[in-house]
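What follows is a set of notes on a single structure, which appears directly below.
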Amino acid sequence: MKPVTLLLLALLPTLALAEPPAPAAPPTAATPAEVKTFDVMVHGGAYHPARLEVPAGEPFRLRFTKHDHDGCTRDVVLPFLGERHTLPTGEAVVIEVPALEAGTYAFTCGMNMVKGTLVVTKVAAGGSDGQR
Ligand SMILES: [Cu+2]
Numbered sequence: 568m569k570p571v572t573l574l575l576l577a578l579l580p581t582l583a584l585a586e587p588p589a590p591a592a593p594p595t596a597a598t599p600a601e602v603k604t605f606d607v608m609v610h611g612g613a614y615h616p617a618r619l620e621v622p623a624g625e626p627f628r629l630r631f632t633k634h635d636h637d638g639c640t641r642d643v644v645l646p647f648l649g650e651r652h653t654l655p656t657g658e659a660v661v662i663e664v665p666a667l668e669a670g671t672y673a674f675t676c677g678m679n680m681v682k683g684t685l686v687v688t689k690v691a692a693g694g695s696d697g698q699r
């Protein structure tokens, strides 16, 4: 057997381990350093949920998955970020959101008809690894 073949065989288990795990589990408080992802489904011309509670002061991700086929919800607009994203049907679009101050932030469809709200709330005590 050639040394190259042996090297490839040796690498095989490593390659198998490199397979990323399926991102299925909901965010938990057990891993504070991890950036949380919040899912928003878009179907029936509405956001589900239309109101999300997210923690203040830490970056997070919004993951929009659109199932609608008509035009209304094609784009999602996030005025507080100054961003507009096109949502392809059946494909998750992840939007990185920087740490926000407590408050409510709106996101809408491209025509400002369908509305969603982010309720950004200060998280009470514990769990923060960013202490000085
Ligand atoms: Cu619309």
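Each number in our numbering corresponds to the 1-based position in the sequence shown with 567 added. Even glycine gets a Cβ: it sits at the ideal position worked out from N, Cα and C.
Go to residue i, then tell me how far its beta strand (DSSP E) extends in each direction, as first and last residue.
i	result
HIS610	603-610
GLU650	650-653
ASP642	642-645
Which residues in the same chain have their Cβ closer than 8 angstroms to the Cβ of residue i, if we skip the five residues on either side of it in sequence?
i	result
THR598	Reliability of the predicted coordinates at THR598 is poor, the pLDDT of 49 falling under 50, and no value is obtained from them.
THR656	LYS633, HIS634, ASP635 and HIS636
To which residues does DSSP link residue i through a beta bridge?
i	result
GLY683	PHE674
ALA659	THR632
PRO622	THR688
ALA613	HIS610
Considering only residues of the same chain and omitting the five flanking positions on each side of residue i, which have a CB-CB separation below 7 angstroms?
i	result
MET680	CYS639
ALA669	ALA623, VAL687, THR688 and LYS689
MET678	CYS639
VAL602	PRO626, PHE627 and ARG628
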